[in-house]
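Taking it in order: structure first as structure tokens, then the write-up.
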Amino acid sequence: MSASEAYRTFREARDYLQAHREDYETAYRDFTWPRPDEFNWALDWFDVIAADPANQERYALWIVEEDGIENRWTYPEMARRSNQVANWLRSLGVSRGDRLILMLGNQGELWQTILAAIKLGAVIIPASTLLGPADLADRVERGAAKHVVIRSVDAHKFENVDGDYTRITVGEPVEGWRSFVDAYEEAEDFTPDGPTAAGDPLLLYFTSGTTAKPKLVQHTQVSYPVGHLSTMYWIGLEPGDVHLNISSPGWAKHAWSNVFAPWNAEATVFLYNYARFDAVSLMAQMERCGITSFCAPPTVWRMLIQADLTVLKTPPSKVVGAGEPLNPEVIDQVEKAWGVTIRDGFGQTESSVQIANTPGQDVVPGSMGRPLPGFAVALVDPVTGERAQEGEICLDLDKRPVGLMTGYADDDERSAAAFANGYYHTGDVGSIDERGYITYVGRTDDVFKASDYRISPFELESVLLEHEAVAEAAVVPAPDPIRLAVPKAYVVLTNGHEPTADTAVSILAFAREHLAPYKRIRRLEFTDLPKTISGKIRRVELRGRENDAAERPAGEFREEDFPQLKG
Numbered sequence: 001m002s003a004s005e006a007y008r009t010f011r012e013a014r015d016y017l018q019a020h021r022e023d024y025e026t027a028y029r030d031f032t033w034p035r036p037d038e039f040n041w042a043l044d045w046f047d048v049i050a051a052d053p054a055n056q057e058r059y060a061l062w063i064v065e066e067d068g069i070e071n072r073w074t075y076p077e078m079a080r081r082s083n084q085v086a087n088w089l090r091s092l093g094v095s096r097g098d099r100l101i102l103m104l105g106n107q108g109e110l111w112q113t114i115l116a117a118i119k120l121g122a123v124i125i126p127a128s129t130l131l132g133p134a135d136l137a138d139r140v141e142r143g144a145a146k147h148v149v150i151r152s153v154d155a156h157k158f159e160n161v162d163g164d165y166t167r168i169t170v171g172e173p174v175e176g177w178r179s180f181v182d183a184y185e186e187a188e189d190f191t192p193d194g195p196t197a198a199g200d201p202l203l204l205y206f207t208s209g210t211t212a213k214p215k216l217v218q219h220t221q222v223s224y225p226v227g228h229l230s231t232m233y234w235i236g237l238e239p240g241d242v243h244l245n246i247s248s249p250g251w252a253k254h255a256w257s258n259v260f261a262p263w264n265a266e267a268t269v270f271l272y273n274y275a276r277f278d279a280v281s282l283m284a285q286m287e288r289c290g291i292t293s294f295c296a297p298p299t300v301w302r303m304l305i306q307a308d309l310t311v312l313k314t315p316p317s318k319v320v321g322a323g324e325p326l327n328p329e330v331i332d333q334v335e336k337a338w339g340v341t342i343r344d345g346f347g348q349t350e351s352s353v354q355i356a357n358t359p360g361q362d363v364v365p366g367s368m369g370r371p372l373p374g375f376a377v378a379l380v381d382p383v384t385g386e387r388a389q390e391g392e393i394c395l396d397l398d399k400r401p402v403g404l405m406t407g408y409a410d411d412d413e414r415s416a417a418a419f420a421n422g423y424y425h426t427g428d429v430g431s432i433d434e435r436g437y438i439t440y441v442g443r444t445d446d447v448f449k450a451s452d453y454r455i456s457p458f459e460l461e462s463v464l465l466e467h468e469a470v471a472e473a474a475v476v477p478a479p480d481p482i483r484l485a486v487p488k489a490y491v492v493l494t495n496g497h498e499p500t501a502d503t504a505v506s507i508l509a510f511a512r513e514h515l516a517p518y519k520r521i522r523r524l525e526f527t528d529l530p531k532t533i534s535g536k537i538r539r540v541e542l543r544g545r546e547n548d549a550a551e552r553p554a555g556e557f558r559e560e561d562f563p564q565l566k567g
């Protein structure tokens, strides 16, 4: 298949999804993935749309700093800049198949390097600027990195990271490191060294899991670039949209919503950089810059609803949430203030969006929606291996989606387990209703039993978040001599509430009123929640605290402390 043919088939699939943006049934029934033999997304898609007259003045990337400084690049400017960077990286020895650690903030050089690396056929290892020397040494060693592109301020982190790798910094010159600004002396035209096979590796993600050694998720030249047509469809992105996604570089969600989905749609990627989150300032920028589409993780949504959402007079028409399931209370408050419904989406680093509430469709409270076009989702009983109404969320590999990883690099055992018995296993549990809507139950590791009843932490946390004093909550099993385990909530309070016994009894009483007796929160502790570097709550750490506790922790409140709760 020629480059022009690859463009045509990709374009047809993209246009089909946009044409049926609000017609889920038709899109799901008739969509077929483009499956080119050769495909280079930066050359065969981005550069082609950058040459389209309709995109000559359209911004591909728009970054606003906290101090008011703005930087904007049109589609043609981004194509030319990435050509220069590709030519320069090639001159430094970056070649097809080389692995390159990319550790930058939300700055133009990040997107230029992503496009340049794709054009060269290099493999990108995205890395968060929050990583320390030990994490970086692991990425250089296990990732077999030959090149590193980082901010100048982070160069010191590599002082004791061994390896023979090209060192490149963005910012002030650093002794012993190449300066990125030199790239802009190169020619603006780029000639590839040959075709790019669709199955060639493109991305290698070190997951933010709870193990000491993160898994290495490997994606191809199509699994994210083409796969994120599903993400585009979930958000509802169209040409001309100005899309703001709050996410940090280095994590999969950043590639989802700050690179592939918006640029597949010919939209503008918008970023607002800030040192500390401020809901009012964020909404002021959204108003000023005309944000039409907005995606944020649950943590940000929970902070937003503590502010006056009505200060945003022209809210975005497309609002979505991902990372962890959104609680109904958050969705309700946003709908009241903005008149739009936040639509949940479910996916993983290992895939593009698999399940979501898509534009124009009913949103069932508590549900994360239905399978996306191109994804055959099955709920599988982990004991029997049979399909069930509640079970592990899996993808049927007889209808393998393009938007799925090839496996875990250099780990055949983990890869075999993930793709066992004809399914890709997500490790998440869900339930499905008669209309095909899937509700998130929890990670297979997070669901627990109390008094022989199965407990979904997410369901209990959703109820707790409806209490005015609760900003965040995590529920885990606490050992109990009679019930084996009881639900315990770790709670972060909203502004204006104190971690007192009065607050505790109010929350426990609220939970008793809104939960079945076997689901009641029996213990409660006010504390900050441990999170992964990407912001997900580490319930495994909280479970460990409970299992390791020899006696009742200081500051823990129990329902038996409050006789008024009985009855």
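Position one of the sequence shown corresponds to residue 1 (full-length UniProt numbering), numbered consecutively onward. Just so you know, even glycine gets a beta-carbon here, dropped at the ideal spot from N, CA and C. Quick caveat: nothing in here was measured; it's all calculated off a predicted structure.
Query	Result
State the start and end residues of the unbroken beta strand (DSSP E) segment that holds F10.	No beta strand (DSSP E) contains F10, which is instead part of the alpha helix (DSSP H) from 3-19.
Whose C-beta lies closer than 6 Å to the C-beta of T503 among residues of the same chain, with five residues either side of it excluded?	A469, H497
By DSSP's criteria, M103 is part of a beta bridge. Which residues make up the other side?	I150
Unbroken alpha helix (DSSP H) runs of length 4 or more, entirely within the stretch 499-550: which are they?	501-514, 539-548
Assign K313 to one of three DSSP states: helix, strand, or coil.	coil
Could you tell me if V181 is buried or exposed, where buried requires 16 or more neighbouring beta carbons within 10 angstroms of its beta carbon?	exposed
Have a look at R512 and M286 and give me their C-alpha separation to the nearest angstrom.	40 Å
For I49, count the other beta carbons within 10 Å of its own beta carbon; 16 or more makes it buried, fewer makes it exposed. Which is it?	buried
May I have the straight-line CA-CA distance separating A183 from A322, to the nearest angstrom?	35 Å
H156 by DSSP, collapsed to three states: which one?	helix
Do V441 and G430 come within 8 Å of each other at the CB atom, strictly closer than that value?	yes
Can you find the residues in the same chain that come closer than 7 Å, C-beta to C-beta, to D344, ignoring five residues on each side of it along the sequence?	G321, P325, L326, A356, N357, M368, G369
Quick one: Cα of P457 to Cα of P365, how far?	17 Å
Apart from the five residues on each side of it in sequence, which residues of its chain come closer than 8 Å, Cβ to Cβ, to L565?	V505, L508, A509, R512, E559
Counting pairs of Cβ atoms below 8 Å between the stretch 95-112 and the stretch 142-150, do you hit three or more?	yes
Using a Cβ distance threshold of 8 Å, determine whether the stretch 135-144 contacts the stretch 219-227, with at least three qualifying pairs required.	no
Quick one, are the C-beta atoms of W62 and T268 less than 8 Å apart?	yes
Alpha carbon to alpha carbon, how far is P477 from K531?	18 Å
Near V492, which residues of its chain fall below 8 Å by C-beta distance, leaving aside the five closest residues on each side in sequence?	V470, A471, E472, A473, F526, T527, D528, L529
Compare the C-beta of A183 against all C-beta atoms of chain D and say whether one is closer than 8 Å.	No chain D appears in the structure shown, which is made up of a single protein chain.
Short check: CB of G403 to CB of S415, under 8 Å?	no
Any contact between the stretch 290-310 and the stretch 327-334? By contact I mean 3 or more CB pairs, one from each, below 8 Å.	yes
Under 8 Å Cβ to Cβ from C394, same chain only, skipping five residues before and after it: list those, please.	V377, A378, L379, V380, Y423, Y424, H425, T426
Determine the closest residue to A3 out of D47, T444, Q354, V242, with distance taken between C-alpha atoms.	D47
I need the boundaries of the alpha helix (DSSP H) containing K336, first residue and last residue.	328-338
Out of G391, T384, G374, F448, state which residue places its alpha-carbon closest to the alpha-carbon of D398.	G374
Pop quiz: G250 and S128 are said to be a contact at Cβ under 8 Å. What is the actual Cβ separation, rounded to whole angstroms?	3 Å
Taking only the alpha-carbon atoms, compute the straight-line gap between V340 and Q18 and give it to the nearest angstrom.	20 Å
By Cβ distance below 6 Å, which residues in the same chain neighbour F294 in space, the five residues on each side in sequence not counted?	L244, P316, V319
For H254, count the other beta carbons within 10 Å of its own beta carbon; 16 or more makes it buried, fewer makes it exposed. Which is it?	buried
Is the beta carbon of A450 closer than 8 Å to that of V486?	yes
With DSSP as the reference, label D189 as helix, strand or coil.	coil
If you run the structure through DSSP and keep just helix, strand and coil, what is D344?	strand
According to the neighbour-count rule (16 or more other Cβ atoms, all chains shown, within 10 Å of its Cβ), is E5 buried or exposed?	exposed
Just how far apart, CA to CA, sit G194 and H20?	36 Å
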